[in-house]
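Report on the structure given below.
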Amino acid sequence: MTERRKQFPFDQFEPKWQAIWEKNKTFAVANPGDADFDASKPKYFVLDMYPYPSGSGLHVGHPEGYTATDIIGRFKARSGYNVLHPMGWDAFGLPAEQHAIKTGEHPRINTANNIENFRRQLKSLGFAYDWDREINTTDPEYVKWTQWIFLQLYNSYFDEKTQQARPVSELEEQGLSRDEIDELRLAYVAETPVNWSPDLGTVLANEEVEEWRAKGHTVERRPLRQWMLRITAYAQRLIDELDDLDWPEGIKLLQKNWIGRSDGAEVTFQIGDQSVTVFTTRPDTLYGATYMVLAPEHPLVDDIASDEQKQAIADYRVKCGAKSDLERTELAKEKSGVFTGGYAVNPVNGEKIPVWIADYVLMSYGTGAIMAVPAHDQRDFEFAQQYDIPMIEVVNSENLSDITSTQTNHGQDAHATGGADATCFSGEGIAINSPMFEGLTTAEAKEKICAWLEEKGLGGKMVNYKMRDWLFSRQRYWGEPFPIVWRDGKHEALAESELPLLAPELEDYKPSGTPEPLLSKATDWVNCGEGLKRETNTMPQWAGSCWYYLRYCDAKNSERFVSREAEDYWMNVDLYIGGTEHAVLHLLYARFWHKVLHDLGHVSTKEPFQKLVNQGLIMGEDGVKMSKSRGNVVNPDDVVEGYGADALRLYEMFMGPLEQVKPWSMKGVEGVYRFLGRVWRLVMEVDQEGNWSMLSKVKVADCDKKTLKVLHQTIKKVSEDIESLSFNTAISQMMVCTNELNKLEVLPLSAVEILLSVLNPFAPHLSEELHSILAEAFPDAISGELSQSDWPQWEEVFLIEDEIEIVVQVNGKLRDRITVSKDADKDEVEKLVLDRDKVKEHIDGKTVRKVIVVPGRLVNVVAN
RNA sequence: GCCGAUGUGGCGGAAUUGGUAGACGCAGCAGACUUAAAAUCUGCUUCUCAUUUUGGGAGUGCGGGUUCGAUUCCCGCCGUCGGCACCA
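Rendered as structure tokens:
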């Protein structure tokens, strides 16, 4: 392939243009306040999800989204916008540290090398980034502001009344104690069961467990003292404020489900002289509660356990504690539990029901206790069957006709008898065996019981969220240290002036195998003063990515994380493109930080990312996900080497819709490469020595009608398709246009210029090169660079045809075509059609019932 | 199990306020150029029936429905991919 003569000398002009752009800072954009800032233009902030600079370099999946944003950015810039299109590095991360463990080399070095490689690769693709705004999350200047934002969280609490973050200084003024305040901070310390991975030497967030487990690492649960971020405080706002965002509905739903709001009630039961509160979404089934279940870890278990059950309880707890989360769910087929010996009193009827512990009730959700209604809850039902606990039906599933038509009547003929084949009915219906609200619908019964509970002080409506607080500390080396010191067992924030706090150099990076963070090895660093010890945990990789988009607005500011002026001008991000793998975590975390910064008055918008688009995964040629082990990974460097950056960019966009999953095809790359070759040869010819020169058929000349039509169709289609991110169809239109121009004996300069102009965002090097060749040949007609020129406008007048072909159908079947003038009226067309031989043939012996004329499109003759 | 996507030629994919299904590209076939090949250019290319052109029929996962007309709208299934998974 590389031996073959190239269709066009991309290996010469691509590096040439890249060098020109770099030297001239062609794509640098000014900020408000800068000398060359043009305030008259609207702004457009188009953002890629920045990469983790891995050792294996760029993958063909990266340039998919990057090319899309590049086309948009170049298009917007030429359409009169100030465009912010930056790039940077999510450079903290475990792989660099793993490398350090193996080689002893500081992760900083490995990271710097990888970044250099990534930058080289991205530059070889000709992306119009403003490289002056490049950021690196491991840069001390960046770390400084990540730590500063952490301190904002640390020094804030969530005010329930206004649903906003407020400075904790307000609590001090209210006279709250130090301990009380520490309970309320958005960044707080808690002893919680965490996911500890001995071989990684760190704890992981719940959300990360699966990912690392899939990579073969072990993860176990154990209680540890950790930094947490109170993201749960924002649960409702994180749901509500999705509404105004232009995101795929599926992604919004994914986030909503992750946050997992459920509306229900809390109900307090008496157990002897203790009381226990349960959470239920079905308070209407209170009469059907035949037992209660506490989570095995529930603090009340010891108090209510009878002496004869104590041993069984202890044994069961040991068994549960040993189970990892995975095992707990994998063994979910069979329910297990132990009777505590205690009984709870159902507040609604005074019945005594047995209290059990079982691991299907989680301490971390709701109140860690449930009322079990086996007749109407699948899990309770299975448990009751297992332990032979009685069931009471309290919702009638029959005669539901108009209340619940399809979704809830699957258990209709089941009568909850506890028999082996019985099923339970978990849908809505009419309350029965429930004296207080006999005959009411589920919704009505819920209202009534909640009102009653509230009146009696036994509970009431309650909302719960599935989402947990964010476990924010890691025991790694290669992350931001917490700007915190400990004095007498209490944490204190470093002063802003002490930031950034950088990690000390270490002898080696090997994990100790205990949950003691790596930084604790650096005793000189840890003991930083009389009675002072530094926090030795570090922040997770997510920290840097929670605010990087803000830093791009003002990447070199040393006074503030972003100047108010720059933030106010550039935010929000108008278009954010990246993979679905970040649909929940990154996007949720970043939204959370952004809201905190907004509440505290540091940023002007409620949400960071106005429009979100997920690019689809690119599969290998074999249709499965690219992976080293399968050997189906395509390296962009090889594609650039063989076909050029423009061909790679064009192919990435031509493959299919941006959001769709699609397989790679080298043949497809060749296809677009050939197309670029055709565009090149529209203007250029080669001699036997392989030297290119301009063709003489390119002339200053007028375009004929047909050419004007296809040119203006192309401007229109490409403009509209870029706006709707339909790059594949934009490219096919440019192919159509090229094929038309190729047929011309004389190629008018203006025609080829239009084609190059719309091709420019897609294939910036080739279009710019041809443009410069034409400029040299026709200095009076052409000048400047395409990337700096105005985007062409189409004129409708060239699109209209005088005569239109109309399709003729008889009974919906295509039978004929006629050509009529563009303003022929309906009657005229109808007459014409009925006079056609082919139409007569097909309506022979039938009566014409109706003639449907769709102006400019078709005529359908209905006859029988 | 639940939620969300998706299903169109040999392949990637076009086309939806309902109006010519298969644009564009790949692969394939034929031709031109060439000593030859590559490259390039031109033509054909959903399936099927018919002796040929003209032509007939079928066709957008499957089965129904609405309509003059359905890839597009409605109802019911099936397959593939992704996410969640005892959250009370």
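Each residue of the first sequence is one higher than the one before, counting from -1 in the working numbering. Positions of the beta carbon are idealized from the N, C-alpha and C atoms, including for glycine.
CB contact flag (residue i, residue j, <8 Å)
i	j	result
Met863	Thr712	Any question about residue 863 goes unanswered here, given that the chain covers just -1 to 862.
Ala233	Tyr463	yes
Ile107	Asn134	no
Phe90	Thr136	yes
Ile368	Pro294	no
Pro30	Tyr567	yes
Thr200	Arg474	yes
Glu239	Glu774	no
Asp572	Tyr152	no
Trp690	Pro7	yes
Leu123	Arg647	yes
Asp644	Leu764	yes
Ser785	Arg72	yes
Gln145	Pro481	yes
Val392	Ile430	yes
Phe318	Asp282	According to the sequence provided, residue 318 is Cys. The question's Phe does not apply to it. No, the Cβ-Cβ distance between Cys318 and Asp282 is not below 8 Å.
Gly248	Leu615	no
Chain-order list of residues whose beta-carbon lies under 8 Å from that of residue i (same chain, five-residue window excluded)
i	result
Trp256	Lys464, Met465, Val582 and Leu586
Arg815	Glu803, Ile804, Val805 and Val806
Glu668	Tyr641
Glu95	Pro105, Arg474, Tyr475, Trp476 and Tyr507
His580	Met47
Thr119	At residue 119 the sequence reads Gln, which differs from the Thr that was named. The answer, listed in chain order, is Gly55, Leu56, Pro634 and Asp635.
Lys844	Ala861 and Asn862
C-alpha gap between residue i and residue j, whole angstroms
i	j	result
Tyr574	Asp68	12 Å
Lys838	Lys715	39 Å
Tyr79	Val483	47 Å
Pro191	Gln224	9 Å
Arg183	Leu174	12 Å
Thr275	Leu292	10 Å
His584	Lys142	21 Å
Asn726	Lys707	21 Å
Gln384	Lys333	7 Å
Asp400	Leu438	Residue confidence is low: Asp400 scores 40 on pLDDT, short of 50, so the model does not pin down where it sits. Its coordinate-derived value is still stated next. Near 14 Å, if we compare the C-alpha coordinates of Leu438 and Asp400.
Glu751	His769	7 Å
Arg235	Arg164	15 Å
Glu103	Asp34	44 Å
Contact set for residue i: own chain, Cβ-Cβ below 6 Å, skip 5 residues either direction
i	result
Glu452	Gly458
Leu456	Thr266 and Pro345
Thr736	Arg676 and Val677
Val207	Asn193 and Val217
Val601	Glu565 and Leu595
Pro479	Leu499, Ala501 and Thr536
Val631	Met624
Lys74	Tyr42 and Val81
Ala699	Val744 and Pro746
Secondary structure of residue i, DSSP reduced to three states
i	result
Val637	helix
Ile133	strand
Arg3	coil
Glu505	coil
Arg485	strand
Tyr680	Per the sequence shown, residue 680 should be read as Leu rather than Tyr. Residue state, collapsed to three classes: helix.
Gln309	helix
Asp835	helix
Val393	strand
Gly78	coil
Ser819	strand
Beta-carbon contacts of residue i that lie in its chain and below 7 Å, excluding the five residues immediately before and after
i	result
Phe337	Gln307, Pro352 and Trp354
Asp46	Gly63, Tyr64, Thr67, Met85, Ile575 and Gly576
Arg813	Val806, Gln807, Lys836, Val837 and His840
Arg315	Pro294
Arg847	Val860, Ala861 and Asn862
### 3-residue-minimum beta strand (DSSP E) runs that sit fully inside the segment 563 to 634, ordered along the chain
Counting whole runs of 3 or more residues, the segment 563 to 634 contains the beta strand (DSSP E) stretches 573 to 577 and 610 to 613.
### Task
Counting only runs of 4+ residues fully inside the segment 97 to 184, write out the alpha helix (DSSP H) ranges in chain order.
105 to 121, 138 to 152, 167 to 171 and 176 to 180
### Task
Taking only runs that begin and end inside the segment 419 to 491, name each unbroken alpha helix (DSSP H) of 4 or more residues, in chain order.
Counting only runs of 4 or more, we get 440 to 454.
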